[in-house]
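The structure appears below as structure tokens.
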Amino acid sequence: MTIEDVNNLMLDYTAAAHAAITDWADIKVRGYLKEHPDIVEQSVAYLEVMLAELRKQIAVERADNRWAGPLPADAALEDFIDRATDYAEHSCNCEWCLCCEPAGVGDEPIVWTVGPRPAA
690 MTIEDVNNLM
700 LDYTAAAHAA
710 ITDWADIKVR
720 GYLKEHPDIV
730 EQSVAYLEVM
740 LAELRKQIAV
750 ERADNRWAGP
760 LPADAALEDF
770 IDRATDYAEH
780 SCNCEWCLCC
790 EPAGVGDEPI
800 VWTVGPRPAA
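Quick note: this note's numbering has the sequence shown finishing at residue 809, numbered continuously throughout.
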């Protein structure tokens, strides 16, 4: 796989993530999907393939102990909060960001709220 292939897949996964997030928001706000379930499922299935590949690599790297064991309690969550905050506060025009405008531009300033941890 070339770097161009990786870049193209990153764009595809970014689009799928954006669509899935928007669809999730629709059910939270409206109580129903705004798009046909088959359309929504396409984005979700696309992401599931990528996530399965990530989970497989996570298992490999945990098994070979290249990271010298698990992190202390809540360290991963704290790192996620730091990354989420950095992302919410950054501004750029890269094609992989879901929010491609300077931080705080728009009707409301960008405020990051970390929800509950997803089940493993």
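By construction, the Cβ of each residue, glycine as well, lies at the ideal position given by its N, Cα and C atoms.
Practice prompt. Give me the Cβ distance between Asp694 and Tyr735, rounded to the nearest whole Å; I'm assuming they're in contact under 8 Å.
Written response: Within the sequence shown, numbered from 1, the residue matching residue 694 stands at position 5. Within the sequence shown, numbered from 1, the residue matching residue 735 stands at position 46. Not quite, the Cβ-Cβ distance comes to about 15 Å (not below 8 Å), so this is no contact.
Worksheet item: With a Cβ-Cβ cutoff of 9 Å, do Val729 and Ala708 count as a contact?
Response: Numbered from 1 along the sequence shown, position 40 holds the residue referred to as residue 729. Numbered from 1 along the sequence shown, position 19 holds the residue referred to as residue 708. A contact, by the Cβ cut-off of 9 Å.
Worksheet item: How far does the alpha helix (DSSP H) with Tyr776 in it reach, from first residue to last?
Response: One-based indexing of the sequence shown puts residue 776 at position 87. Counting along the chain, the alpha helix (DSSP H) containing Tyr776 begins and ends at Ala764 to Glu778.
Worksheet item: Where Asp763 and Glu750 are concerned, what is the direct C-alpha to C-alpha distance, given to the nearest angstrom?
Response: Numbered from 1 along the sequence shown, position 74 holds the residue referred to as residue 763. Numbered from 1 along the sequence shown, position 61 holds the residue referred to as residue 750. Going by the C-alpha atoms only, they are around 20 Å apart.
Worksheet item: Under the three-state reduction of DSSP, which class applies to Glu693: helix, strand or coil?
Response: For this step, residue 693 is matched to residue 4 along the sequence shown. Three-state DSSP puts Glu693 in a helix.
Worksheet entry | Cutoff 6 Å; reference Ser732; Cβ partners in own chain excluding five residues on either side | As a first step, residue 732 must be located in the sequence shown, where it is residue number 43. The answer, listed in chain order, is Ala705, Ala708 and Ala709.
Worksheet item: Taking C-beta to C-beta, are Asp727 and Tyr721 nearer than 9 Å?
Response: Locating residue 727 in the sequence shown gives position 38, where the first residue counts as 1. Locating residue 721 in the sequence shown gives position 32, where the first residue counts as 1. No, the pair does not count as a contact, with Cβ atoms beyond the cut-off.
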